[in-house]
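First comes the structure, then the notes that go with it.
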Amino acid sequence: MRRVHGQEEKRTSGGPPPASGQASTPTAGTGAPPPSSEEKLIEQRSGRKAAAARAQQQQRERRRNLMLVIGGIAIVAVIAIVLVSNSTRNSSAGVQGSSADTTLGSAGAPVVLQDFSDFYCSHCRTFALERLPALEKKYVDSGLLRVEFKHFPCATARTRRTSPPSALPTRASSGSTATNCSRTRA
Numbered sequence: 006m007r008r009v010h011g012q013e014e015k016r017t018s019g020g021p022p023p024a025s026g027q028a029s030t031p032t033a034g035t036g037a038p039p040p041s042s043e044e045k046l047i048e049q050r051s052g053r054k055a056a057a058a059r060a061q062q063q064q065r066e067r068r069r070n071l072m073l074v075i076g077g078i079a080i081v082a083v084i085a086i087v088l089v090s091n092s093t094r095n096s097s098a099g100v101q102g103s104s105a106d107t108t109l110g111s112a113g114a115p116v117v118l119q120d121f122s123d124f125y126c127s128h129c130r131t132f133a134l135e136r137l138p139a140l141e142k143k144y145v146d147s148g149l150l151r152v153e154f155k156h157f158p159c160a161t162a163r164t165r166r167t168s169p170p171s172a173l174p175t176r177a178s179s180g181s182t183a184t185n186c187s188r189t190r191a
């Protein structure tokens, strides 16, 4: 008796010993002839092909998982950037006016009108071009009213950020009634 690959093998008398590295297959009672060397090669090749296919599938899965992780990180980064930019924009949009606030009228006027407007807003522009001239003529020029313009950005007027402010008057309290070019063109 001889041990091959952890199994005992009985040798029959008269037969050659099995080749080294190969276990002899008992053929007694099975009725099937032992596989030929060509069949063994075919089995080995198909086993290699199956192993290569499994390795390719695992590599595809790893690549897919990596892309999902990278995509998730990119989405989180974009959301974080949007949230940070919105929070800084909202924190700067307080009630206080900017340093470029403009005043019309005399400093000693008994009534002060504080106009909180977004100078990029079309509705604020309409007020500045259509309603404000009558107030200026009737009250500001007579010294009864002082108008203080405060820049107050609103969320609905973000479409024309690259154009110059349309409702910001350029007149100081010295007497000129012209606003920036948009008043004379409208």
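When we follow the working numbering, the leftmost residue of the sequence shown carries the number 6, and every step to the right adds one. We put the beta carbon where it would ideally sit given N, CA and C, even for glycine. Quick caveat: nothing in here was measured; it's all calculated off a predicted structure.
In the DSSP assignment, the beta strand (DSSP E) including residue i goes from what residue to what residue?
i      : result
Arg136 : First-last for Arg136: undefined, no H or E at that position.
Lys155 : 150-156
Asp120 : 116-122
Just the Cα atoms here: how many angstroms apart are residue i and residue j?
i      : j      : result
Ser42  : Gly76  : 51 Å
Lys45  : Ile84  : 58 Å
Gly110 : Leu150 : 6 Å
Glu66  : Ser51  : 22 Å
Thr108 : Ile80  : 46 Å
Ile86  : Ser92  : 10 Å
Ala56  : Gln64  : 12 Å
Ala82  : Leu88  : 10 Å
Arg59  : Arg69  : 15 Å
Pro40  : Gln62  : 31 Å
Ser90  : Lys142 : 42 Å
Ala139 : Tyr125 : 22 Å
Thr131 : Leu71  : 55 Å
Cys129 : Ile78  : 42 Å
Gly148 : Pro115 : 8 Å
Ser127 : Val145 : 24 Å
With a 10 Å radius around its C-beta and 16 neighbouring C-beta atoms as the bar for buried, classify residue i as buried or exposed.
i      : result
Leu137 : buried
Leu73  : exposed
Gly113 : exposed
Ala133 : buried
Arg53  : exposed
Val117 : exposed
Val152 : buried
Arg190 : Note that Arg190 has pLDDT 35, beneath the 50 cutoff, so the model's placement of it is unreliable and the number below is only indicative. Exposed, because fewer than 16 other Cβ atoms sit within 10 Å of the Cβ of Arg190.
Can you tell me whether residue i sits near the ligand FAD, meaning its C-beta is under 7 Å from at least one heavy atom of the ligand?
i      : result
Phe124 : Absence of the ligand FAD is noted for the structure shown, with no ligands found whatsoever.
Validate contact between the stretch 147-157 and the stretch 110-124 using beta carbons, cut 8 Å, 3 pairs: yes
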